[in-house]
Structures are given as C-alpha cells and as structure tokens.
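Trainee:
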Amino acid sequence: MERTESKLQFGLKDGSYNNITLEASVVVPDLDYLDVNGVSRVEVLGFELDHDLELDCSGASRISETVHVTELEIDVSGASQLLIEGSASRLELDASGASSAGLKDFPVATADVHLSGASSATLRVQKTLEVTASGASRLSFHGTPGPGRVSTSGASTITSLD
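So this is what it looks like as structure tokens:
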C-alpha cells in the first residue's frame, strides 16, 4: 500500500506472481474518485455524498457499490463489470470493450450514456436519457424518460424494459 496526500494505492510490486490474492479493508470518511484496474474486485458501501463521484474501472475489474450522490461519472472499459445501487440526480456513463454496467437499482433523473464495442448497460432513468451507442453495444432501461439525443450505429440496440 502506498499513500500520498489523499490517495491510497494498493497493488503488488513488479514481478512474477502465481495464485496471489491481495485483500484490504479500508474505512474512509469521504470518497470522490475511485480507480480500479487490472484483475481487481472492490466493494464500496454506505456513502451518502453531497458532491459528485467519479469511478474508473478497467481491465477485468469489478466494482459493486451502494452510494447516494449528486452526480456519478463512470468510465468502464475492457471486460470490467459494475453493479451499483443507490441514487443520483445525474449519471454520465462511458462504457467500452466488453464491459457491463448494472444500474437498474440506481435511479437517476438524467443520464448521458456513451456505449461502444460489445459493452452493455441497464439503467433506471426518470426524466431525460441521451445515448450514443455504437458497435454491438446494448442499452436497456427502466422508466419513461422524455426525449433526448439518441444516436446508434452498427448493431447497437436500445431497449425499454417498461
């Protein structure tokens, strides 16, 4: 573990490892940015924040999270998976590669979604949904959001689940 000012970094030193599991439990009073990469699994519980939160998830990472925030900004790529519960007023989601974002238990008022590659996402949107989807990406959503900008290309699909 390495700590610099407000940043904690966990990982293994460079080298060759077989069957190694690095496990840590961390309690922090606040969270505004989380970057998870490689083959990692992170669980975040119990945050009610009066500010924005940014999540970056890449490689074959997995984040499960329960959080209530003003705005959530997510960048998920590679073969990463997100499973998020809670709520936010606004969601900005960028998903690429073979990543997936499960946010059906995370209601938002507005969402701005960019999907590419073979990425997929499931959302719950109340007011406005704006989407740019390309490749073989798939967006499924709950709710009855009003009209917003929608752009699809390739074999991408957008499906209402209500």
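Final position of the sequence shown in our numbering is 447; the numbers increase by one with none missing.
Think of the CB as a built atom: it goes at the ideal place given N, C-alpha and C, for glycine as much as any other residue.
I'd like the span of the beta strand (DSSP E) that includes residue 426, first residue to last.
Mentor: 423 to 427
Trainee: Using the rule of at least 16 other Cβ atoms within 10 Å of the residue's Cβ for burial, across every protein chain shown, is residue 294 buried or exposed?
Mentor: exposed
Trainee: Where does the unbroken beta strand (DSSP E) through residue 370 begin, and where does it stop?
Mentor: 366 to 380
Trainee: Between the Cα of residue 307 and those of 292, 324 and 317, spot the shortest distance and give me the residue it belongs to.
Mentor: For the residues 292, 324 and 317, the minimum Cα distance to residue 307 belongs to 324.
Trainee: Please determine, among 351, 360, 404 and 392, the residue with the shortest C-alpha to C-alpha distance to residue 413.
Mentor: 392
Trainee: On the criterion of 16 or more Cβ atoms from any shown chain inside 10 Å, does residue 326 qualify as buried, or is it exposed?
Mentor: Exposed, since its Cβ has fewer than 16 Cβ neighbours within 10 Å.
Trainee: Going along the chain, which residues of its own chain have a beta-carbon closer than 6 Å to the beta-carbon of residue 417, five neighbours each way excluded?
Mentor: 399 and 436
Trainee: Got a sec? Which residues, its chain only, sit under 6 Å from residue 352 by beta carbon, not counting five neighbours each side?
Mentor: 332 and 371
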